[in-house]
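Worksheet: one structure, shown below.
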Amino acid sequence: MLKRPGEYEPPLGKIWTRAESRMWTITMFSGTCVLYAARASLPICAAAVAKEFAWNKTDSGTVLSCFFWGYALTQVFAGRIADKYGAEKILPYSSLAWTMITFFTPHLFDFAYWTNYPLVVLLTIRILTGVCQAFHIPSLASIVSKHLAAADKGRVFGIVLAGSHWGTVLAGAIGSILIEWIGWRSLFQFVGILSLVWCWIFRWVLDKKNGTGGGRSSPQPDEEVLIDKKHDTIESHLSANTPCPSVPWGTLFRHPAFWAAAVAQYTGGNSYSILFNWLPSYFHETFPTAKAVVYNVVPSLAIVVTSLVAPVMASRALAEGKTVTYTRKLMEGASLIGIAFCLMLVPMTSSFWLSLLIFTMAMAARGLHHGGVSVNPHDFAPNHAGSVFGVFNACGAITGFVGVYIAGHILEATNNNWSYVFIVTAAQCVVGAMVYTLLGTGQKII
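Residue numbers for the sequence shown follow the numbering used here, so the first one is 3 and each next one is one higher.
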């Protein structure tokens, strides 16, 4: 809760005021929004691109999934780089890089087929996009960990991550119209321009911070600072002002709760990657007369709502006296079991509207993740959030190239039998829920 300076005064070197917190939350939320709009562009127009370049399901799965080769591997060290050198220094360059690649993706695809090695060029383009985007989320985790009080980190970071689903809705809504009216190339250029505008806004926010002294040694007398006496400690504030310490990886990796969270992150990430990358193709093939703007937008609208509500629900549970561990397990368990239940219903349906409802419910369940494992690194590694989140998020990103590719291979081998894909995904979610419920924690590990 809010305290006036003087009531409780641990070191306040870089803790944001309420106004600064609001400005940065909006900026980071919008950045995540355009990041995921860029990421969703190819899955949304995959059917059109596949038709133009004569891709089969294995080709589509390979091109869609290779993004995550660069993304997952770079995440391992992206967080550490952000923690050590400063996320505010890394983000402008990495963001500009993926923005330019996104804008020129249609031209790069055409160039790929002009060369004698189109597959190599396509894979290189997608991997480079993944490498550049990999710095974004760990950098935001690092910023949040250094500038917010302990009680506010989970809520703010959960809201920031919810921007990913707004980006998917944006790309799905505008993209479906652009693809139908102009062609798939226009979607990449539209998102590229939006991303370039955000890069300029982020640079303006950084300049404003530096121009006003950003991290002050003390707040102004009439300003409110975000301090929670119950949850904050002297250590949590000092960590923002001291040089980046080495991460005790051995202690973290030996703790079963970390691996329980990693399993939950992997299984939940796998379900989302399957839906994120393959759902447009599923509806396009199963219900060819359905409007793309409907199935590209409606499921994502559901996750937009729940991803914003989930951090608030978690914060309210904590305020009512529930432990962090109980809250994380409740939110993540509800998310994974909800997804599994919905996916197991899909093979029993043959109606477009019923299928749409089921997938909308599945995506809504996924949004509860933002009050669960999604913010767990801030719980068990509050002083190393960027570094740990990079490694932790890689567990979920691995599903992007493993799960998405395997799904494409299954579809190719079974003559497009989608039931196998959804049942296998549902079973993994059940396993993830069981492991995290038994071994997960919301307590500090390192």
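For glycine and all other residues, C-beta sits at the position ideal for the given N, C-alpha and C.
| Query | Result |
| --- | --- |
| Since G442 contacts L338 with CB under 8 Å, what's their CB separation in whole angstroms? | Not confirmed; about 11 Å, so no contact. |
| Within 8 Å (strictly less), CB to CB, does H380 reach chain D? | Absent from the structure: chain D. Only one protein chain is present. |
| Any heavy atom of the ligand ZN inside 7 Å of the beta-carbon of S337? | Absence of the ligand ZN is noted for the structure shown, with no ligands found whatsoever. |
| Count Cβ pairs between the segment 173-183 and the segment 42-54 that sit closer than 8 Å; are there 3 or more? | yes |
| Do L370 and A312 count as a contact pair if the criterion is CB distance below 8 Å? | yes |
| If I measure Cβ to Cβ from Y407 and keep anything under 7 Å in the same chain, skipping five residues before and after, which residues do I get? | G63, T64 and S67 |
| Using the beta-carbon count (16 or more within 10 Å), is N417 buried or exposed? | exposed |
| State whether the segment 30-40 contacts the segment 150-169, with contact taken as three or more CB pairs (one from each stretch) at a distance under 8 Å. | yes |
| Can you find the residues in the same chain that come closer than 7 Å, C-beta to C-beta, to T101, ignoring five residues on each side of it along the sequence? | G194, S197, L198 and C201 |
| What residue range is occupied by the uninterrupted alpha helix (DSSP H) comprising W18? | Premise fails: W18 is in no alpha helix (DSSP H) and is neither H nor E. |
| Alpha carbons only, please: which of K446, L347 and F69 is nearest the one belonging to T327? | K446 |
| Nearest CA to the CA of G388: which residue from V423, T325 and K86? | K86 |
| From what residue to what residue does the alpha helix (DSSP H) around E334 run? | V326 to L347 |
| Would you mind stating whether L358 and V300 have Cβ atoms separated by less than 8 Å? | yes |
| Less than 7 Å between C-beta atoms, sequence neighbours within five positions excluded: which residues of the same chain meet that for F289? | F354 |
| Between which two residues does the alpha helix (DSSP H) harbouring V315 extend? | Per the sequence presented here, residue 315 reads as Met, with Val not at that position. It spans A294 to A321 - the alpha helix (DSSP H) in which M315 sits, taken as one unbroken run. |
| Note down the Cα distance separating F105 from A321, rounded to an integer number of angstroms. | 44 Å |
| With H, G and I counted as helix, E and B as strand and the rest as coil, what does DSSP make of G405? | helix |
| Tell me, please, whether the segment 417-427 touches the segment 275-291 by the rule of three or more beta-carbon pairs shorter than 8 Å. | yes |
| Work out the CA separation of G410 and V51 for me, nearest whole Å. | 16 Å |
| Over the uninterrupted alpha helix (DSSP H) stretch that includes F137, give me the two end residues. | Neither: F137 is in no alpha helix (DSSP H) and is coded neither H nor E. |
| Taking the straight line between their C-alpha atoms, what separation do you get for Q222 and T27? | With a pLDDT of 48 at Q222, under the threshold of 50, the predicted position of this residue should be treated as unreliable, and no value is reported. |
| Between which residues of its own chain and E334 is the CB-CB distance below 6 Å, once the five residues before and five after are set aside? | A266, G374, V375 and Y438 |
| In whole angstroms, what is the alpha-carbon distance linking N378 and N279? | 25 Å |
| Which stretch, first to last residue, makes up the alpha helix (DSSP H) that contains R256? | Neither: R256 is in no alpha helix (DSSP H) and is coded neither H nor E. |
| Assuming I103 and T131 make a contact with CB atoms under 8 Å, what is their CB distance in whole Å? | 5 Å |
| Going by other Cβ atoms of all chains shown within 10 Å of its Cβ, with 16 needed for buried, is H109 buried or exposed? | exposed |
| According to DSSP, simplified to helix, strand and coil, what is N58? | coil |
| Which complete alpha helix (DSSP H) runs does the segment 132-213 hold, if anything under 4 residues is left out? | 138-149, 152-183 and 187-213 |
| Whose C-beta lies closer than 7 Å to the C-beta of Q135 among residues of the same chain, with five residues either side of it excluded? | L37, R41, Y73 and W100 |
| Here's a check: name, in chain order, each residue in its chain whose Cβ is nearer than 6 Å to the Cβ of A143, leaving out the five neighbours to either side. | A387, G388 and F391 |
| Using 8 Å as the threshold, is the C-beta distance between G81 and V393 below it? | yes |
| For the alpha helix (DSSP H) containing V114, name the first residue and the last one. | The amino acid occupying residue 114 in the given sequence is Ala; Val does not appear at that position. Start and end: T107 to W116. |
| Could you check which residue in G88, F79 and A316 has the C-alpha nearest to that of T329? | A316 |
| If we require 3 or more residues per run, which beta strand (DSSP E) segments fall completely within the segment 348-374? | none |
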